[in-house]
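Notes to accompany the following structure.
Residue numbers (my numbering), protein chains in the order written: chain A, 759 to 1033; chain H, 18 to 400.
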């Protein structure tokens, strides 16, 4: 399958000819993809195929060997921390294990971003942090707790609240539902859609969660063997005849999730396809 | 389906967010991008805004070009404040997507109201600290007891003694400490000889520099300085290692697999330390005296031969054994405090750091207290 993406008109992220090597092994080989403004884009693939590495390169934490990554039309590859700052203020990142500062309460975790980058009064910062925390569906008293006092699902929500602190245009989510019980996980994917609809966010996420893919993602790219094996809506990918994609989506768990999704779609509406 | 895009959501607002009075009384209008990046000046402006004193307020939001949750919150908060003062407010002209955002914020506003838990009174804090201190003492004692039980159990069944971690700890805590302890005690020997030289020369008692350096190093300084360095080097490492293992639930994993953490993590450290510290002390004795010897020759013209002859008379076997004999006690204190503080870590990276500090301070404190107790006991026994 061709790896070249359509020439996106309004791309928030554009990756072209990306090559990555880590410790001598090839992670990405000529990877290209584009995330369109306002869509929920998911990157999937087997463990260790370089999904998270690609995400870390897009947020300028890691440098590829060659290739270009443009975010908001600006080249990210080769940026120093200082040069990346104006860009970083425009996107939010939720890390796989939350990465909440353990010495701060949830409220302070959100507030620290606002205090660092805006000149708001303490009162407005606190209120703003509380609003973000409420937006992610956490109970009010959670804001005054420390991360170690929260359950895994609550910690994910708190991490999402921090990622939303500066009202970013673009959200990076690394495994937003990993390690959550099905109920919390479906809460997260609903939340992601709600936020996208309400705030007009673009979202790029890395995930293993097939349910989240069926319910939450507009477009999906499958990464494998160092390249993009296919890009499209879930319905399109499910029809793909690439052996690795089939293996991924037609494993026992993939089948169950697909049947679930089709059942749901036949009740509500025929599956939507993206631009 | 792609999401709606909200235009003008770029950083760096083209025009500033604003609120201003309209032509008719009670008529107001908001304009510009109400987003987080321009909000600081807007907040001040809203706070200082002179609202029309009476009548119904009509706010026109049609000139707002962009809005995010922060801007929506400020607008919502302002409207609510006006309503609470008994004003009736009508907002109109807002774009549909901004209106939806405002509604979303309004729907979550109740959940966003929360008070931080009340801070306890000074008396309650004092009581809590005292109680925690008491608990800490009890915890330390029970830890000591547990280690003792684990030790007895290990001795009863020598097959359970874990030699590999013992050897590893011997190397890390003992062998690898040789350069730094050696260097520092050598320098200490030089300092003592130098300080004594001036006084001794005045009385023509140059030769007694050997007594001065030899006795003070062997009996007091060398065990003490070694213990302090090792507390900083190894005691802190023990706390950080065990503390991190506690935070990452590795301790629980050990317990689940059926490996007693005390047996794997604590006993080898205590045993290795009890072996290593006396050996290190012997070594620092030698290095310290060497330092004194070098200084004695340079400042007092006492040759190496004369110095060593005099040393033979100055240091009795008893003084030497007293010095080295303190080392195992210091070793026990350092290893036990280090491990105990590690187990006290909870939850966060912050707490590992705090426990490590506490471990080093407590270990050095207890080592010096023990040294003082030794001195008192020895003076009682007149040795």
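Note that CB positions come from ideal geometry on N, CA and C, so glycine has one too.
Item: Decide if the segment 952 to 960 of chain A is in contact with the segment 794 to 806 of chain A; the criterion is three or more beta carbon pairs, one per stretch, under 8 Å apart.; Value: yes
Item: Hey, is residue 1006 (chain A)'s beta-carbon within less than 8 Å of any beta-carbon in chain H?; Value: no
Item: For the alpha helix (DSSP H) containing residue 90 (chain H), name the first residue and the last one.; Value: 86 to 101
Item: So residue 777 (chain A) is in the beta strand (DSSP E); what residue range does that whole segment cover?; Value: 769 to 780
Item: Would you call residue 113 (chain H) buried or exposed, if buried means 16 or more other Cβ atoms sit within 10 Å of its Cβ?; Value: exposed
Item: Determine the DSSP secondary structure at residue 329 (chain H), reduced to helix, strand or coil.; Value: helix
Item: Rounded to a whole number of angstroms, what is the C-alpha to C-alpha distance between residue 837 (chain A) and residue 240 (chain H)?; Value: 53 Å
Item: Distance check for residue 876 (chain A) and residue 54 (chain H), CA to CA, integer angstroms please.; Value: 6 Å
Item: Counting only beta-carbon separations shorter than 8 Å, does residue 56 (chain H) have a partner in chain C?; Value: Given the protein chain composition of this structure (A and H), no chain C is represented.
Item: Select from H:84, H:123, H:217 and H:291 the residue whose C-alpha is nearest the C-alpha of residue 344 (chain H).; Value: H:291
Item: Note down, in chain order, all residues in the segment 161 to 183 of chain H with a beta-carbon under 9 Å from any beta-carbon belonging to chain A.; Value: none
Item: Just list the residues that DSSP pairs residue 320 (chain H) with in beta bridges.; Value: The partner list for residue 320 (chain H) (beta bridge, DSSP) is empty, contrary to what the question assumes.
Item: Residues in its own chain within less than 6 Å of residue 788 (chain A) by CB, not counting five upstream and five downstream?; Value: 775
Item: From residue 284 (chain H) to residue 299 (chain H), what does the alpha carbon distance come to, in whole angstroms?; Value: 23 Å
Item: What residues from the segment 849 to 861 of chain A come within 8 Å of chain H, judged by C-beta to C-beta, listed N to C?; Value: 860 and 861
Item: Report the three-state DSSP secondary structure of residue 965 (chain A) (helix, strand or coil).; Value: coil
Item: For residue 105 (chain H), which residues of its own chain have a beta-carbon under 8 Å away from its beta-carbon, when the five flanking residues on both sides are left out?; Value: 73 and 74
Item: If contacts are defined as beta-carbon pairs under 8 Å, then residue 281 (chain H) and residue 182 (chain H) qualify, I think. What distance do you get, rounded to the angstrom?; Value: 7 Å
Item: Is the separation between the beta-carbon of residue 49 (chain H) and that of residue 81 (chain H) shorter than 8 Å?; Value: yes
Item: Within the same chain, show all residues whose beta-carbon is closer than 8 Å to that of residue 60 (chain H), passing over the 5 residues directly before and after it, in chain order.; Value: 91
Item: Is there at least one Cβ from chain H nearer than 8 Å to residue 842 (chain A)'s Cβ?; Value: no
Item: For residue 297 (chain H), count neighbouring C-beta atoms within 10 Å of its own C-beta (all shown protein chains included) and say buried if the count is 16 or more, exposed if not.; Value: buried
Item: Got a sec, what are the start and stop residues for the beta strand (DSSP E) residue 798 (chain A) sits in?; Value: 798 to 802
Item: Shortest alpha-carbon distance to residue 216 (chain H) belongs to which of H:313, H:295 and H:126?; Value: H:313
Item: Using CA atoms only, rank isn't needed, just tell me which of A:887, A:773, A:906 and A:811 is closest to residue 918 (chain A).; Value: A:887
Item: So with Cβ pairs under 8 Å, would you call residue 365 (chain H) a contact of chain A?; Value: yes
Item: If distances are taken between C-alpha atoms only, which option among H:347, H:352 and H:144 comes closest to residue 385 (chain H)?; Value: H:347
Item: Can you check whether the C-beta of residue 919 (chain A) is within less than 8 Å of a C-beta belonging to chain H?; Value: no
Item: DSSP on residue 36 (chain H), reduced to helix/strand/coil?; Value: strand
Item: Helix, strand or coil, according to DSSP, for residue 373 (chain H) in the structure here?; Value: helix
Item: At a cut of 8 Å, does the segment 991 to 1002 of chain A reach the segment 827 to 847 of chain A through at least three beta carbon pairs?; Value: no
Item: Determine, for residue 121 (chain H), whether the minimum Cβ-Cβ distance to residues of chain A falls below 8 Å.; Value: yes
Item: Residues of chain H with CB under 9 Å from residue 882 (chain A), in chain order?; Value: 56, 57, 60, 87, 90, 91 and 94
Item: Whether or not the segment 254 to 272 of chain H and the segment 347 to 357 of chain H are in contact is what I'm after, with contact meaning three or more pairs of Cβ atoms, one per stretch, closer than 8 Å; do they touch?; Value: yes
Item: Less than 8 Å between the beta carbons of residue 848 (chain A) and residue 927 (chain A), yes or no?; Value: yes
Item: Quick one: list the residues of chain A neighbouring residue 118 (chain H), beta-carbon separation under 8 Å, in chain order.; Value: 956 and 957
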